[in-house]
Structures are given as C-alpha cells and as structure tokens.
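Remarks on the structure that follows.
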C-alpha cells in the first residue's frame, strides 16, 4: 500500500501532513542503504494551478556502509524538502523543447488524480545521505592487498612502498617545482 494524496482533497490554502512512513514501502533504497524504523514526514502541499508545491522535512534512521571499511553505520538523516509536483504531461512537452532549466531540478512528476509520496520520501532521504559515510573519523579502511579491516588490527601485509612506475614523470615534475 502506497502513501498517496488525492489531489481533489487538497484545499486552496494547502494540506498539512504529519505522519510516520512505513519503512517497508521505501525499500529498496539502494545498495548498502536500509531504513531502520518508520520515517517521520512533515509536509505541506499547496496547490498552484495544476502544480503543487511540497515543502517540509523528512527524518529517518538509516543503516549505511562505511565508505572505507564497509562496516555498518547508523545515520540519522534530516532531509529538508522543497519540491514542485508537476503533471507528467508538462514533462513530455519539456522533453520536446530541450533540456531542464535551472529551477527544474527540484521537480517531481505526477499523473492521474493522486500524488504518490513514497518516491518523494525515498528520494529526499537518498539525496541527504552522506556521500561517503564513515564508521568513525579515523577509520583505517581495508588493506588494498588482502582486504582485511585495518580497524581490527594489522594484517601482516608489507607496507606498500613500491609505487606505480607510471607516476615517475609526475614525481620528477614535483621534484623540480620544489627546487
């Protein structure tokens, strides 16, 4: 069951929504991203002709993977939301006329008499996930040779003192600039 709002139920002064979104309706979120508990959604939907301005905030607790060692990371995500819901027919005409404009990046599309909020909530959470989440600031990551998690102790591999010979030309340039 999806979270949807019938467009005819939105009054001219706008509709305020405060609810908890079922995490099961948001999966799959993407590789290495899982919703741990219901997501708090606080939105105001205001009609503007055949468009609808959606403003508010989405808050959720996500399980992510550390960008260095792949350990599990729990992250509270607070996603401010300011999106323009546009009829899908306008999107088709925009495709015929060229590319998206500057203001078209915060746009979602709807078709029919309802506005589906599942995709909007999922999108807002994903847009606010850290680019490279870390389990801790000083995470040592995985050994590039054997793959052992360096946070759990040394792996026994030799330090990588050998460098790629393709980088020798850059090293020589760097040496000249320091002289």
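Numbering (our numbering), first residue to last: 266 to 444.
Virtual Cβ for every residue (Gly too), placed ideally from N, Cα, C.
Original post:
Any chance the stretch 302 to 310 sits against the stretch 400 to 415, with 3 or more Cβ pairs inside 8 Å?
Top reply: no
Original post:
Among all the DSSP beta bridges, which residues are the ones paired with residue 407?
Top reply: Taking the first residue of the chain shown as position 1, residue 407 is located at position 142. BP columns for residue 407 point to 414.
Original post:
Are residue 323 and residue 344 closer than 8 Å when you measure CB to CB?
Top reply: For the purposes of this step, residue 323 is identified with residue 58 of the chain shown, where counting begins at 1. For the purposes of this step, residue 344 is identified with residue 79 of the chain shown, where counting begins at 1. Yes, these two residues count as a Cβ contact at 8 Å.
Original post:
Which of the three DSSP states, helix, strand or coil, is assigned to residue 352?
Top reply: Locating residue 352 in the chain shown gives position 87, counting from the first residue. Residue 352: strand per DSSP, three-state reduction.
Original post:
Would you report the Cα separation of residue 281 and residue 418, rounded to the nearest angstrom?
Top reply: In the chain shown, residue 281 corresponds to position 16, counting from 1. In the chain shown, residue 418 corresponds to position 153, counting from 1. Cα to Cα, the separation comes out at about 52 Å.
Subject >> Where residue 330 falls: helix, strand or coil (DSSP) >> reply: Stepping through the chain shown from its first residue, residue 330 is reached at position 65. Reduced to three states, the DSSP call for residue 330 is strand.
Original post:
What are the boundary residues of the alpha helix (DSSP H) that includes residue 454?
Top reply: Nothing about residue 454 can be reported from this structure: the residues present for the chain run from 266 to 444 only.
Original post:
residue 320 to residue 380, Cα distance in whole Å?
Top reply: Against the chain shown, residue 320 aligns to sequence position 55. Against the chain shown, residue 380 aligns to sequence position 115. Approximately 14 Å, taken between the alpha carbons.
Original post:
To the nearest whole angstrom, what separates the beta carbons of residue 271 and residue 352, a pair I think is in contact under 8 Å?
Top reply: As a first step, residue 271 must be located in the chain shown, where it is residue number 6. As a first step, residue 352 must be located in the chain shown, where it is residue number 87. About 15 Å; that fails the 8 Å criterion.
Original post:
Cβ of residue 297 within 8 Å of Cβ of residue 330?
Top reply: As a position in the chain shown, residue 297 is number 32, starting the count at 1. As a position in the chain shown, residue 330 is number 65, starting the count at 1. A contact, by the Cβ cut-off of 8 Å.
Original post:
Taking the C-alpha atoms as reference points, what is the distance between residue 385 and residue 284?
Top reply: Residue mapping note: residue 385 aligns to position 120 of the chain shown, counting from 1. Residue mapping note: residue 284 aligns to position 19 of the chain shown, counting from 1. Those two C-alpha atoms are separated by around 14 Å.
**OP:** For the beta strand (DSSP E) containing residue 309, list its first residue and its last residue.
**Re:** Within the chain shown, the letter at position 44 stands for residue 309. Here the beta strand (DSSP E) through residue 309 covers 304 to 313.
Original post:
Hey, would you say residue 414 sits closer than 8 Å to residue 346, going by beta carbons?
Top reply: On the chain shown, position 149 is the one that residue 414 refers to. On the chain shown, position 81 is the one that residue 346 refers to. No. Outside cutoff.
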